[in-house]
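K.L.:
Here's a structure for you.
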């Protein structure tokens with residue numbers, strides 16, 4: 005576990021720094037698809053810092069994706085490209101735990117574009133709320149809306165990045181309470197129970 009951040013180990017779960025993130029994309033593989041929207045909520049020392057922007061994916065958005073996200077070519081044509089945002093996003097991810105609902109998906113896109121534009125991989129600890137749902141909730145479906153329903157979280161206008169990110173934030177808070185009841189109370193406990201990927205998540 006090379007990428008353990010020592011100051012995380014003794015901190016209570018609620019005091020750890022998290023970067024909660026959601027991407028909207030034109031497809032499912034970063035080799036063939038682009039990012040159309042990113043939203044981030046940074047949770048550090050009890051403070052929330054939101055960030056969101058539409059992104060020009062430099063390719064047409066398929067009609068079936070627009071049906072899901074509501075994001076059209078007209079909405080993104082004059083927005084920044086990922087090449088312009090990569091360094092900004094990299095700075096936001098420093099010294100925190102990457103959190104999303106299906107970390108391998110969001111990670112794959114950011115890692116692809118970090119390698120392309122920053123000439124380095126994405127490397128940091130990560131915590132996947134989808135994986136936590138599969139391990140602890142016993143639901144028939146673990147998609148974001150189902151987990152939000154389980155925790156009585158109002159997820160409206162799903163598949164827009166900030167709406168999904170807020171839902172993941174609230175899901176994370178609920179999981180922190182649940183994990184504490186299972187005796188998982190610190191960053192060190194997350195590592196001991198293999199709930200954090202120390203450097204990279206498994207590939208999809």
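Residue numbers (our numbering): 5 to 208.
Where a beta carbon is used, it is the ideal one built from N, C-alpha and C, also for glycine.
Fully enclosed by the segment 52 to 121, which beta strand (DSSP E) runs are 3 residues long or longer?
P.N.:
Fully enclosed beta strand (DSSP E) runs of 3 or longer: 101 to 104.
K.L.:
Can you give me the start and stop residues for the beta strand (DSSP E) that residue 26 sits inside?
P.N.:
That run of the beta strand (DSSP E) goes 22 to 29.
K.L.:
Need the endpoints of the beta strand (DSSP E) that residue 46 sits in, please.
P.N.:
From DSSP, the beta strand (DSSP E) with residue 46 extends over 39 to 48.
K.L.:
Please check the pair residue 130 and residue 151, which I expect to be a contact at CB under 8 Å, by giving their CB distance rounded to whole angstroms.
P.N.:
Between residue 151 and residue 130 the Cβ distance is about 17 Å, and since that is not below 8 Å, they are no contact.
K.L.:
Helix, strand or coil, according to DSSP, for residue 131 in the structure here?
P.N.:
Note: residue 131 maps to strand in three-state DSSP.
K.L.:
Consult DSSP for residue 169 and reduce its assignment to one of helix, strand or coil.
P.N.:
In the structure shown, residue 169 sits in a helix (DSSP, three-state: H, G or I).
K.L.:
Ignore the nearest five residues each way along the sequence and tell me which others in residue 90's own chain have a CB closer than 7 Å to its CB.
P.N.:
Only 117, 118, 121 and 122 meet the Cβ criterion.
K.L.:
Mind reading off the beta-carbon distance from residue 159 to residue 145? Whole number of angstroms is fine, and I expect it under 8 Å.
P.N.:
Contact doesn't hold; Cβ gap of about 14 Å is too wide.
K.L.:
Find out if the Cβ-Cβ distance for the pair residue 57, residue 84 is shorter than 8 Å.
P.N.:
Taking 8 Å as the Cβ cut-off, residue 57 and residue 84 qualify as a contacting pair.
K.L.:
Under the rule that 16 or more other beta-carbon atoms within 10 Å means buried, what is residue 105, buried or exposed?
P.N.:
Per the 10 Å Cβ criterion, buried.
K.L.:
How would you label residue 93, buried or exposed, when you count the other beta carbons within 10 angstroms and need 16 or more for buried?
P.N.:
Per the 10 Å Cβ criterion, buried.
K.L.:
Quick one: grab the DSSP three-state call for residue 150.
P.N.:
In the structure shown, residue 150 sits in a helix (DSSP, three-state: H, G or I).
K.L.:
Which of helix, strand or coil does DSSP assign to residue 201?
P.N.:
Of the three classes helix, strand and coil, the one that applies to residue 201 here is strand, per DSSP.
K.L.:
Looking at C-alpha atoms only, which residue of 19, 64, 124 and 165 is the closest neighbour of residue 78?
P.N.:
It is 64 whose Cα lies nearest to the Cα of residue 78.
K.L.:
Got a sec, what are the start and stop residues for the alpha helix (DSSP H) residue 196 sits in?
P.N.:
Where residue 196 is concerned, the enclosing alpha helix (DSSP H) stretches over 191 to 196.
K.L.:
Taking the alpha-carbon of residue 113 as reference, which of 205, 18 and 20 has the nearest alpha-carbon?
P.N.:
Selected option, being the one with the closest Cα: 205.
K.L.:
Quick one: Cα of residue 13 to Cα of residue 47, how far?
P.N.:
Between residue 13 and residue 47, the C-alpha separation is close to 17 Å.
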